[in-house]
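Below is one structure; the comments refer to it alone.
In UniProt numbering, the protein residues as written are 1 to 258.
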């Protein structure tokens with residue numbers, strides 16, 4: 001049975017451990033577990049050497065996504081975030097083929113031609129993810145943005161975070177139907193509510209996996225899917241391998257009916 005490519009967001013291993021060990025130390029772990037892609041987290045970088053990191057992912061034949069907490073559009077501004085070009089260059093220095101950011105404050109006045117011009121000669125593909133905020137985590141502003149992307153023919157695609165929709169009480173199923181054609185990267189996480197009312201990311205239940213299967217027909221067949229939920233335990237090698245296998249098989253049921 002063919003399986004689909006899996007990525008691991010390094011935030012899954014917990015901020016403290018990742019900062020202590022350094023992100024490069026996880027490369028062999030991911031490759032040995034069968035992952036095809038590593039997601040570097042800018043907010044967890046310490047003293048990583050980008051050139052050494054890039055060489056290491058080449059050695060293990062891993063693709064790389066560079067995730068930045070940057071918002072593409074700052075509030076009240078019509079031009080893209082002034083840090084965009086520097087962040088694209090930083091992503092490239094780590095060997096990344098993709099830069100993932102959040103939407104920010106997109107309005108009809110935002111200069112999409114300027115964005116397209118910024119991205120035109122870049123070796124790194126821009127991915128915009130639905131986050132957990134009111135400005136970037138609701139369906140409607142993301143629809144407007146990707147409509148503008150299509151009109152401008154800008155080289156931007158979407159990271160669809162299944163769990164993040166819950167923070168703004170949005171339907172992941174509706175989002176997949178309306179936005180799925182823009183999606184080239186899938187972030188997977190379960191969501192649970194703590195006794196104090198706070199939502200938290202969790203590993204998927206069987207019910208979660210079944211729901212995720214129903215989202216996939218709206219998206220690119222066999223698209224890369226990422227673990228972005230806690231991978232924490234005594235045996236990270238075994239745990240990572242198990243979850244890579246689970247996500248790699250996601251969508252096979254749908255494919256078998258084609």
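Note that beta-carbon positions come from the ideal geometry of N, C-alpha and C, so glycine has one too.
>> Measuring straight from C-alpha to C-alpha, what distance separates residue 143 and residue 179?
In response: Translated into the one-based positions of the chain shown, residue 143 becomes position 143. Translated into the one-based positions of the chain shown, residue 179 becomes position 179. Their backbone Cα atoms lie some 7 Å apart in a straight line.
> Around the C-beta of residue 117, are 16 or more other C-beta atoms found within 10 angstroms, so that it is buried, or is it exposed?
Replying inline: Numbered from 1 along the chain shown, position 117 holds the residue referred to as residue 117. Classification of residue 117: exposed, given that the 10 Å Cβ count is below 16.
> Per DSSP, what kind of secondary structure is residue 188 in: helix, strand or coil?
Replying inline: If you number the chain shown from 1, residue 188 lands on position 188. Strand at residue 188.
>> Quick check on the burial criterion: 16 or more other C-beta atoms within 10 angstroms. Buried or exposed for residue 120?
In response: Stepping through the chain shown from its first residue, residue 120 is reached at position 120. Answer is exposed; the Cβ neighbour count stays below 16.
>> Quick check on this structure: which residue in 195, 246, 189 has the alpha carbon closest to the alpha carbon of residue 12?
In response: Here residue 12 refers to the residue found at position 12 of the chain shown. Residue 12 has its Cα closest to that of 189, out of 195, 246, 189.
>> If you measure between the beta carbons of residue 288 and residue 202, is that distance less than 9 Å?
In response: Absent from the structure is residue 288, since the part of the chain shown begins at 1 and ends at 258.
> With respect to the beta strand (DSSP E) encompassing residue 156, which residues constitute its N-terminal and C-terminal limits?
Replying inline: Mapped onto the chain shown, residue 156 falls at position 156. Here the beta strand (DSSP E) through residue 156 covers 156-161.
> On the three-state DSSP scale, how would you describe residue 211?
Replying inline: In the chain shown, the residue the question calls residue 211 occupies position 211. The three-state reading of DSSP puts residue 211 in helix, counting H, G and I together.
>> Relative to the C-alpha of residue 184, which candidate in 99, 35, 40 has its C-alpha closest?
In response: Working through the chain shown from its first residue, we reach residue 184 at position 184. The candidate whose alpha carbon is nearest that of residue 184 is 99.
> In this structure, does DSSP put residue 110 in helix, strand or coil?
Replying inline: By 1-based counting over the chain shown, the position of residue 110 is 110. Looking at residue 110 - three-state DSSP - the assignment turns out to be coil, as it is neither helix nor strand.
> Which value, in whole angstroms, describes the spacing of the CA atoms of residue 147 and residue 109?
Replying inline: The sequence position of residue 147 within the chain shown is 147, counting from 1. The sequence position of residue 109 within the chain shown is 109, counting from 1. Roughly 14 Å between the two C-alpha positions.
> Rounded to whole angstroms, how far is the Cβ of residue 66 from the Cβ of residue 48, which I believe are closer than 8 Å?
Replying inline: Here the question's residue 66 lines up with position 66 in the chain shown. Here the question's residue 48 lines up with position 48 in the chain shown. With a Cβ gap of about 11 Å, residue 66 and residue 48 do not count as contacting.
> Going by the beta-carbon positions, is the gap between residue 35 and residue 57 smaller than 9 Å?
Replying inline: Your numbering for residue 35 matches position 35 in the chain shown. Your numbering for residue 57 matches position 57 in the chain shown. No, they are not a contact pair.
>> Assuming the contact rule is C-beta atoms closer than 8 Å, residue 122 and residue 88 should be a hit. Round their C-beta distance to whole Å, please.
In response: Your numbering for residue 122 matches position 122 in the chain shown. Your numbering for residue 88 matches position 88 in the chain shown. At roughly 5 Å, the Cβ-Cβ gap stays under 8 Å, so residue 122 and residue 88 are in contact.
>> Strictly by DSSP, which residues pair up with residue 127?
In response: Stepping through the chain shown from its first residue, residue 127 is reached at position 127. Bridge partners of residue 127: 100, 157.
> Do residue 114 and residue 80 have their C-beta atoms within less than 9 Å of each other?
Replying inline: On the chain shown, position 114 is the one that residue 114 refers to. On the chain shown, position 80 is the one that residue 80 refers to. One thing to note: residue 114 has its Cβ within 9 Å of the Cβ of residue 80.
> Between which two residues does the alpha helix (DSSP H) carrying residue 21 extend?
Replying inline: The count along the chain shown starts at 1 and reaches residue 21 at position 21. From DSSP, the alpha helix (DSSP H) with residue 21 extends over 15-21.
>> Among the candidates 105, 26, 145, whose CA atom is the shortest distance from the CA of residue 112?
In response: Against the chain shown, residue 112 aligns to sequence position 112. Out of 105, 26, 145, 145 has the C-alpha closest to the C-alpha of residue 112.
> Applying the criterion that 16 or more other CB atoms from any shown protein chain within 10 Å of the CB defines a buried residue, is residue 234 buried or exposed?
Replying inline: Taking the first residue of the chain shown as 1, we reach residue 234 at position 234. Exposed.
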